[in-house]
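Quick note on numbering: my numbering labels position 96 of the sequence shown as 98, and the sequence is numbered without any gaps.
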Amino acid sequence: MRRRASLPGGRSRHQSERDGRVERCLQGWLADGAGVLERSRRGVFSDTLVASYEVTMVQGRMEGAGKIKFANGTAFTGAFKDGRRDGPGYMAYANGDQLEVDFRDNLPNGAGVLLLSSGAGYEGGWKDGKFDGVGTRTYQLGGSYAGAWKAGKWHGNGVLTYAGSGRQLAAVFDNGRVAGTPADKLVDEQLVIHRDGMKSAKQTPMSISQTSDQPYEKLTAAEQAAFHETYPTLAPGDEPPYPLNGPRAVYEWMRKAQHKMMVEGDLRINVVVGKDGNVVSVTTLGKPSPEMAKFAAIVVGKEKYKAAVCDGAPCEMIYSYNMRFLTR
Numbered sequence: 003m004r005r006r007a008s009l010p011g012g013r014s015r016h017q018s019e020r021d022g023r024v025e026r027c028l029q030g031w032l033a034d035g036a037g038v039l040e041r042s043r044r045g046v047f048s049d050t051l052v053a054s055y056e057v058t059m060v061q062g063r064m065e066g067a068g069k070i071k072f073a074n075g076t077a078f079t080g081a082f083k084d085g086r087r088d089g090p091g092y093m094a095y096a097n098g099d100q101l102e103v104d105f106r107d108n109l110p111n112g113a114g115v116l117l118l119s120s121g122a123g124y125e126g127g128w129k130d131g132k133f134d135g136v137g138t139r140t141y142q143l144g145g146s147y148a149g150a151w152k153a154g155k156w157h158g159n160g161v162l163t164y165a166g167s168g169r170q171l172a173a174v175f176d177n178g179r180v181a182g183t184p185a186d187k188l189v190d191e192q193l194v195i196h197r198d199g200m201k202s203a204k205q206t207p208m209s210i211s212q213t214s215d216q217p218y219e220k221l222t223a224a225e226q227a228a229f230h231e232t233y234p235t236l237a238p239g240d241e242p243p244y245p246l247n248g249p250r251a252v253y254e255w256m257r258k259a260q261h262k263m264m265v266e267g268d269l270r271i272n273v274v275v276g277k278d279g280n281v282v283s284v285t286t287l288g289k290p291s292p293e294m295a296k297f298a299a300i301v302v303g304k305e306k307y308k309a310a311v312c313d314g315a316p317c318e319m320i321y322s323y324n325m326r327f328l329t330r
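Okay, structure coming up:
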């Protein structure tokens with residue numbers, strides 16, 4: 003017969019531990035029935051909460067409808083099968099992103115909708131956690147793609163709407179590119195800002211640093227091409243906007259602010275640059291602190307920019323700063 007010792011407030015002492023992971027049953031039974039389960043990671047001095055679960059357990063595994071709340075604030079509501087997310091589900095991420103999709107074996111599979119806090123998103127098919135099948139993707143720096151996907155990349159027949167101009171290209175795509183053109187060179191670069199310095203955290207190699215103090219026209223052809231790669235829907239021959247004297251001054255201001263504020267967290271700043279090179283609007287995504295986000299918006303709003311060029315004429319487009327603040 004299974005027994006359970008109760009604590010004040012209905013908490014249970016029933017717990018299990020394996021490979022440094024601790025499961026505590028706060029309400030109900032650990033192995034069978036409805037209840038609340040808390041999972042932690044064993045530490046030297048204390049345990050670190052990983053997630054809490056409001057679920058039904060069948061022979062020690064989650065089954066049926068339930069909820070997960072992760073320690074970082076991300077939450078899941080949906081179906082479980084044999085201990086994994088399986089069936090319709092909804093993810094509300096801590097950064098404001100939202101995902102509604104069918105899950106299979108813990109990963110998005112089937113039709114779903116992804117809404118990003120940046121205003122970008124995706125609606126269409128998924129396979130093993132990646133865009134797959136037919137879907138439409140909108141991008142935060144402008145433009146969109148509607149058509150066939152494979153393993154998270156444009157692959158097959160599709161229509162690309164270019165950023166800035168709105169012109170469209172109907173083509174056959176291969177591995178994220180128009181068939182026959184070179185593969186991607188990079189996806190993004192984030193600048194890590196410490197109290198006393200800055201360091202680039204590159205997802206893939208790129209030939210131009212975000213701390214450059216060179217104007218666009220003085221960048222080498224290779225550097226310009228590398229910068230263009232951060233705009234997935236930039237038309238051949240078009241140019242994105244760019245700070246008149248490079249982005250270094252902005253990051254130097256942010257470093258000085260970090261020296262005083264000592265905050266942590268990610269911050270992306272999207273600057274809409276008009277046809278005349280003036281700032282139309284500034285949007286901050288992620289807030290290490292409200293004060294830092296406000297300061298950043300003021301700094302980038304006072305910068306002067308080279309306007310984007312679409313089909314040979316100045317056009318409105320977004321320039322983005324991407325940074326992470328650390329105190330260590």
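Cβ coordinates follow ideal geometry from the N, Cα and C atoms, glycine included.
Looking only at its chain, what residues have a beta carbon closer than 6 angstroms to the beta carbon of residue i, apart from the 5 residues adjacent to it on each side?
{"i": "residue 230", "result": "236"}
{"i": "residue 105", "result": "87, 88 and 91"}
{"i": "residue 72", "result": "53"}
{"i": "residue 145", "result": "163, 164, 165 and 235"}
{"i": "residue 156", "result": "147, 175 and 178"}
{"i": "residue 312", "result": "166, 167 and 240"}
{"i": "residue 120", "result": "142 and 287"}
{"i": "residue 268", "result": "288 and 326"}
{"i": "residue 171", "result": "162"}
Work out the CA separation of residue j and residue i for me, nearest whole Å.
{"i": "residue 279", "j": "residue 317", "result": "9 angstroms"}
{"i": "residue 251", "j": "residue 238", "result": "29 angstroms"}
{"i": "residue 301", "j": "residue 255", "result": "8 angstroms"}
{"i": "residue 198", "j": "residue 149", "result": "For residue 198, the pLDDT reaches just 45, beneath the cut-off of 50, and the residue's location in the model is therefore unreliable, leaving the point undetermined."}
{"i": "residue 70", "j": "residue 248", "result": "44 angstroms"}
{"i": "residue 299", "j": "residue 101", "result": "28 angstroms"}
Run the CB neighbour count on residue i, radius 10 Å, all protein chains shown included, and call it buried at 16 or more, exposed below.
{"i": "residue 296", "result": "exposed"}
{"i": "residue 283", "result": "exposed"}
{"i": "residue 266", "result": "exposed"}
{"i": "residue 308", "result": "buried"}
{"i": "residue 206", "result": "Low confidence applies to residue 206: its pLDDT is 32, below 50, so where it sits in the model is not reliable, and the reading given next is rough at best. Exposed: under 16 other Cβ atoms inside 10 Å."}
{"i": "residue 215", "result": "exposed"}
{"i": "residue 330", "result": "exposed"}
{"i": "residue 293", "result": "exposed"}
{"i": "residue 203", "result": "Low confidence applies here, because residue 203 scores a pLDDT of 47, under 50, leaving its location unreliable; read the following figure in that light. Answer is exposed; the Cβ neighbour count stays below 16."}
{"i": "residue 140", "result": "buried"}
{"i": "residue 84", "result": "exposed"}
{"i": "residue 232", "result": "buried"}
{"i": "residue 272", "result": "buried"}
{"i": "residue 314", "result": "exposed"}
{"i": "residue 246", "result": "exposed"}
{"i": "residue 68", "result": "buried"}
{"i": "residue 210", "result": "Caution is warranted here: a pLDDT of 42 is assigned to residue 210, below 50, making its placement in the model unreliable, and the coordinate value is therefore given only provisionally. Burial call: buried."}
What distance in whole Å lies between the Cβ atoms of residue j and residue i, which are believed to be in contact at a cut-off of 8 angstroms?
{"i": "residue 87", "j": "residue 80", "result": "6 angstroms"}
{"i": "residue 60", "j": "residue 39", "result": "Going by Cβ atoms, the distance from residue 60 to residue 39 rounds to 13 angstroms, so no, they are not a contact pair."}
{"i": "residue 126", "j": "residue 135", "result": "6 angstroms"}
To which residues of the same chain is residue i closer than 8 angstroms at the C-beta, ignoring the five residues directly before and after it?
{"i": "residue 244", "result": "217, 218, 229, 307, 308 and 321"}
{"i": "residue 181", "result": "173, 174 and 175"}
{"i": "residue 35", "result": "58 and 59"}
{"i": "residue 305", "result": "245, 246, 251, 252, 273 and 281"}
Quick one: what's got a C-beta closer than 7 angstroms to residue i's C-beta in the same chain, skipping five residues either side?
{"i": "residue 130", "result": "109 and 111"}
{"i": "residue 137", "result": "124, 125, 126, 127 and 151"}
{"i": "residue 277", "result": "309, 316, 317 and 318"}
{"i": "residue 96", "result": "74, 75 and 76"}
Those runs of the alpha helix (DSSP H) which lie wholly inside the segment 245-330 and span at least 4 residues: 250-263 and 292-303
Complete runs of the beta strand (DSSP E) confined to the segment 56-138 [at least 3 residues]: 63-72, 77-83, 86-94, 100-106, 109-117 and 123-129
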